[in-house]
Amino acid sequence: MSSESFQRWICDACGFIYDEARGDPDSGLAPGTRYADIPDDWQCPLCGLTKGDLRLLPEVLQTVAPARPQQPDATRSVQCRGGADYVVIIGAGVAGWSVAEAIRRREPDRPVLLVSACHGLVYPKPAISMALAMGKQPDDLIDTDAASKAAALCIEVRPDTRIIKLDTARKRLTTVKGSIQYGKLVLALGAQQRVLPVSGDACDRIVRVNDLGSYRQLRALMTPQVEHVTILGAGLIGCEFADDMTTAGLAVTVIDPAPRPLASLVPAAVSTELACRLAAKGVVWHLQSTLASLDGTAERLCATLGDGRSFDTDLVLSAAGLVANTQLAEKAGLATDVGIAVDHSMRTSDDDVYAIGDCASLSGQVFAYIEPIRRQAEAIAAHVAGSEERFMPLPPLVKVKTPSLPISVCRPAGQLADDAWIAVDEPGGGLHFEIPGNGTIAGFVLGGQLASQAGGYYRRLGVRG
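Each number in my numbering comes from the position in the sequence shown (counting from 1) with 666 added on.
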């Protein structure tokens, strides 16, 4: 059977794409293994969900009209200035490429230009916090380059092009490489790591990772001389990095002002179990603490906590949360709050400008996970095409990629008291907590061996079609 008939399947929880043509050799699935032939006990290599939790990913090229060129001219793409009929997308992360795919599925002939300040490489971002223990280098995470992805979608792309100014009145972008005109604009600007107030002569040596480029810089700093890493933040990313780095043989200290890891995500019993399992691997916890200062020499750093205690470390990694990139929108006069304010069609305060992903906020809430981002992309594509498809803020399924204690969680937005979670006894082992709803459940946490069953519980919530 020809490779043209191979299909691709996507995990909405983490964005992993199972390509039948490539298989999953690391899990024992040879290239050419069909979805139907995947064993039922196979698990997503990024998040641990099962075969039944994948959904068929429509092949964009099957919807492209034959009259359109299959390979846009590379020179023209780099020089593309857009136009009044163009949808211009700023940003080449999951959000930006998801919009491009969604638009192309609905409108094979719509001119689309994607502009990125970086190289525009396509890669599964959730894999970053697992790569070290898996023995993968940054380049091993890359699925394809921007030009190849754009060619497959029959769109134009301009990588390494930084936007300086957005003029909504003239529908024009000013870049470091000239101006770009648009008819509709999509802001997929992402977010950046929160900068913590740390003093000391080495505070500028704190590493912040939120994309492949910054992860590449982190790995370059991790020379054989680096034996101890300090992580600022005990949230999802901080815990994932702590598990990944200890598995790779590094000593890790985690600092967080909260009383427990994953404090805003899971009940206390799950936090405690995770803390114990990571401590058994050597993680040292400094909870209800902050990093006050960082000093040192070229060879060694000295971290001082807010209470005056200090310890030596080789590298400090910040995982202290994200702040939406809103500067471009603010300077253009668009409404912002915790992100760029949008309605249920993902439109901003300007009818021809949309926002998506980590930079967008609906009713003061940012929906940064992969599953809601893909639904946001569909809403934008529908509205651009002249139809209506509202993005509904449903609770996403979140996978905490900590192999020491795999965790799946789906919870309502906002603060939850710990007694909102009801423990469910599991004779076979594992952690199971639920939030009661009207005749059903409003949220759940599954830990340990139960985590891979999250897809079934998620469907019980009625949040996925």
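Just so it is clear, CB atoms sit at the ideal spot from N, CA and C, and this is done for glycine as well.
Please read all numbers here as calculations on a predicted model, not as lab measurements.
Inter-residue CB distance, residue i and residue j (contact presumed, cutoff 8 Å)
| i | j | result |
| --- | --- | --- |
| residue 631 | residue 858 | As displayed, the chain neither begins before 667 nor continues past 1131, which places residue 631 out of reach and without an answer. |
| residue 957 | residue 887 | Contact doesn't hold; Cβ gap of about 18 Å is too wide. |
| residue 808 | residue 787 | 5 Å |
| residue 849 | residue 775 | Not confirmed; about 14 Å, so no contact. |
| residue 1096 | residue 715 | 15 Å between Cβ atoms; not a contact. |
| residue 1075 | residue 931 | 6 Å |
| residue 827 | residue 783 | 7 Å |
| residue 1048 | residue 772 | 7 Å |
| residue 1106 | residue 1126 | 7 Å |
| residue 851 | residue 1008 | No, residue 851 and residue 1008 are not in contact; Cβ-Cβ is about 13 Å, not under 8 Å. |
| residue 864 | residue 988 | Incorrect: roughly 18 Å between the Cβ atoms, too far for contact. |
| residue 1099 | residue 1089 | 6 Å |
| residue 805 | residue 1036 | That belief does not hold up - the Cβ atoms of residue 805 and residue 1036 are roughly 22 Å apart, past 8 Å. |
| residue 853 | residue 1025 | 6 Å |
| residue 829 | residue 1000 | 14 Å between Cβ atoms; not a contact. |
| residue 794 | residue 881 | 5 Å |
| residue 997 | residue 792 | Not quite, the Cβ-Cβ distance comes to about 31 Å (not below 8 Å), so this is no contact. |
| residue 946 | residue 922 | Contact flag wrong, Cβ pair sits at about 19 Å. |
| residue 812 | residue 825 | 5 Å |
| residue 753 | residue 769 | 6 Å |
| residue 979 | residue 948 | Not confirmed; about 14 Å, so no contact. |
Bridge partners - residue i, DSSP secondary structure assignment
| i | result |
| --- | --- |
| residue 857 | 990 |
| residue 677 | 720 |
| residue 977 | 969 |
| residue 920 | 897 and 951 |
| residue 748 | 847 |
| residue 1002 | 1006 |
| residue 961 | 968 |
| residue 997 | Answer is none; residue 997 lacks a bridge partner. |
| residue 891 | The partner list for residue 891 (beta bridge, DSSP) is empty, contrary to what the question assumes. |
| residue 1070 | Answer is none; residue 1070 lacks a bridge partner. |
| residue 684 | 675 |
| residue 1021 | 853 |
| residue 775 | Bridge partners of residue 775: none, in fact. |
| residue 788 | 810 |
| residue 1032 | Its beta-bridge partners do not exist; DSSP assigns none. |
| residue 874 | 984 |
| residue 695 | 690 |
| residue 1056 | Per DSSP, none; premise fails for residue 1056. |
Opening and closing residue of the beta strand (DSSP E) in which residue i lies
| i | result |
| --- | --- |
| residue 970 | 967-971 |
| residue 1076 | 1073-1076 |
| residue 1028 | 1026-1028 |
| residue 780 | 778-781 |
| residue 704 | That residue, residue 704, is in no beta strand (DSSP E); it is neither H nor E in DSSP. |
| residue 1017 | It is not in any beta strand (DSSP E) - residue 1017 carries neither H nor E in the DSSP assignment. |
| residue 753 | 753-756 |
Residue i - containing alpha helix (DSSP H), residue span
| i | result |
| --- | --- |
| residue 1049 | 1036-1050 |
| residue 902 | 902-913 |
| residue 768 | 760-772 |
| residue 881 | 878-887 |
| residue 1120 | 1120-1126 |
Any 3 or more C-beta pairs closer than 8 Å across the stretch 877-897 and the stretch 923-937: In short, these stretches do not touch, since the Cβ pair count stays below three.
Along the chain, which unbroken stretches of the beta strand (DSSP E) at least 3 residues long are found entirely within the stretch 1079-1117? Look at the stretch 1079-1117 and you find these whole runs of beta strand (DSSP E), each 3 residues long or longer: 1097-1102 and 1107-1113.
Three CB pairs or more closer than 8 Å across the stretch 704-718 and the stretch 680-690: Yes: at least three Cβ pairs fall under 8 Å.
Please give the ranges of any alpha helix (DSSP H) in the stretch 925-959, keeping only runs that are unbroken, at least 4 residues long and fully inside the region. You should have 934-946.
With three or more beta-carbon pairs closer than 8 Å as the criterion, would you say the stretch 1066-1083 touches the stretch 1112-1131? Segments in contact, yes.
Of all the alpha helix (DSSP H) runs that stay within the bounds of the stretch 792-868, which reach a length of 4 or more residues? Contiguous alpha helix (DSSP H) elements confined to the stretch 792-868 occur at 812-819, taking only those with 4 or more residues.
Is there contact between the stretch 755-771 and the stretch 1039-1054, where contact requires at least three CB pairs shorter than 8 Å? Touching, per the Cβ criterion.
Taking one C-beta from the stretch 874-887 and one from the stretch 979-988 each time, how about it: are there three or more such pairs within less than 8 Å? Flag = yes, the stretch 874-887 and the stretch 979-988 touch.
For the stretch 789-805 and the stretch 813-833, state whether three or more C-beta atom pairs, one from each stretch, are separated by less than 8 Å. Under the three-pair Cβ rule at 8 Å, the stretch 789-805 does not count as touching the stretch 813-833.
So, does the stretch 1027-1035 touch the stretch 990-1006, judging by three or more C-beta pairs under 8 Å? These segments touch.
Evaluate contact between the stretch 1048-1068 and the stretch 699-707, counting only Cβ atoms and requiring at least three cross-stretch pairs below 8 Å. Output reads no: the stretch 699-707 does not touch the stretch 1048-1068.
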